[in-house]
Amino acid sequence: MSREHEWVDEEAGPVVRPYAVARGRTKSASSEVDLLAIVVSTGQPAPSKAELSAQHRRLLACVAGRSRPVVEVASDLGLPVGVVRVLLGDLLEHGLVTVRPPRDRAAAPSESLLREVINGLRAL
78 MSREHEWVDE EAGPVVRPYA VARGRTKSAS SEVDLLAIVV STGQPAPSKA ELSAQHRRLL
138 ACVAGRSRPV VEVASDLGLP VGVVRVLLGD LLEHGLVTVR PPRDRAAAPS ESLLREVING
198 LRAL
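Count along the sequence shown from 1, then add 77; that gives the number in my numbering.
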């Protein structure tokens, strides 16, 4: 039995606590890992000194080949955002991912436009 499967119960799902996944850490090593930051894998091989857990590898697979927001990655992995931020900080230190800040708010649609879209959808 592989180590990855010993932490999963068929009916209950993962049985390891989030703080154990993050090795007891609550803050990311990097301040770049914002909730709405965009993450993508660099495609670089992991350095020999890197101690990557199964969750690190799952996270890398989740962002391989496409840019994704941190919050979306957390949702797909079924992990709390805080844990994902810690794991991303580790991967960032090893050069395995790049992190871009979220889009400029000036480029985002205005609140009035979004309200018009919502009202239009409700009218359907």
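Glycine included, each C-beta is placed from N, C-alpha and C at the ideal position.
Pull the bridge partners of residue i from the DSSP assignment, please.
| i | result |
| --- | --- |
| I195 | BP columns for I195 are empty, so no partner. |
| P146 | I115 |
| R177 | I115 |
Buried or exposed: which applies to residue i, given that a residue is buried once 16 or more other Cβ atoms fall within 10 Å of its Cβ?
| i | result |
| --- | --- |
| R162 | buried |
| Q121 | exposed |
| G166 | buried |
| V194 | exposed |
Could you spell out the range, first to last residue, of the beta strand (DSSP E) harbouring residue i?
| i | result |
| --- | --- |
| P118 | According to the sequence displayed, residue 118 carries Ser and not Pro. Counting along the chain, the beta strand (DSSP E) containing S118 begins and ends at I115 to S118. |
Starting from residue i and walking both ways along the alpha helix (DSSP H), at which residues does that stretch end?
| i | result |
| --- | --- |
| R162 | V158 to E170 |
| L201 | No alpha helix (DSSP H) contains L201, which DSSP labels as neither H nor E. |
| A131 | A131 to V140 |
Which same chain residues end up closer than 8 Å to residue i when comparing Cβ atoms and leaving out the 5 residues on each side of it in sequence?
| i | result |
| --- | --- |
| A114 | P146, V147, V176, R177, P178 and P179 |
| P124 | H171 and G172 |
With residue i and residue j assumed to form a contact (beta carbons below 8 Å), what rounded beta-carbon distance in angstroms separates them?
| i | j | result |
| --- | --- | --- |
| V117 | S144 | 5 Å |
| L129 | V150 | At roughly 16 Å, the Cβ-Cβ gap does not stay under 8 Å, so L129 and V150 are not in contact. |
What does a CB cutoff of less than 6 Å around residue i pick up in its chain, not counting 5 residues either side in sequence?
| i | result |
| --- | --- |
| G159 | none |
| G142 | none |
Leaving out five residues on either side along the sequence, give the residues of the same chain with a beta carbon under 7 Å from the beta carbon of residue i.
| i | result |
| --- | --- |
| V174 | V116, V117, S118, T119, V140, L165 and L168 |
| P186 | none |
| L191 | none |
| H133 | L164, D167 and L168 |
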